[in-house]
Amino acid sequence: MMPLDYLLGIIRDKDQDGRSRLDAAKAAAPYCHARLSSTELSGPNGSAVQVQTTQKLDISDLSDEELDILERALRKTIVSQKER
4 MMPLDYLLGI
14 IRDKDQDGRS
24 RLDAAKAAAP
34 YCHARLSSTE
44 LSGPNGSAVQ
54 VQTTQKLDIS
64 DLSDEELDIL
74 ERALRKTIVS
84 QKER
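So my numbering is basically just the index in the sequence shown, starting at one, shifted up by 3.
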């Protein structure tokens with residue numbers, strides 16, 4: 004029996020106390036679930052990375068209300084970009 008199988012057996016055993024099952028789950032987690040890591044991207048000399056998108060947004064089917072919401076969101080984005 005592999006160690007992970009042993010830990011999973013404890014986790015699944017309803018007769019084990021909650022603390023033992025929790026400890027087994029903590030020990031087994033790294034073998035079942037990868038940790039997320041962050042990656043920092045930077046441009047030349049540590050500057051910001053320039054991103055260019057090529058997908059166009061088709062707004063022809065939006066209602067007037069939806070267009071108003073989109074306009075307000077874009078205005079907020081433009082204002083926050085100018086404040087940087």
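For every residue, glycine included, the Cβ atom is placed at its ideal position computed from N, Cα and C. Please read these numbers as outputs of a predicted model, since none were measured by experiment.
Inter-residue spacing [alpha-carbon to alpha-carbon] between residue i and residue j
| i | j | result |
| --- | --- | --- |
| D61 | A76 | 16 angstroms |
| E86 | R78 | 12 angstroms |
| S23 | I13 | 7 angstroms |
| T42 | L73 | 31 angstroms |
| R38 | L7 | 17 angstroms |
| V52 | D67 | 35 angstroms |
Residue of the options minimising C-alpha distance to residue i
| i | options | result |
| --- | --- | --- |
| R15 | A27, E69, M4 and M5 | A27 |
| S45 | V54, D71 and E74 | V54 |
| Y34 | M5, I81 and D67 | M5 |
Residue burial classification, residue i (beta-carbon count within 10 angstroms, cutoff 16)
| i | result |
| --- | --- |
| L10 | buried |
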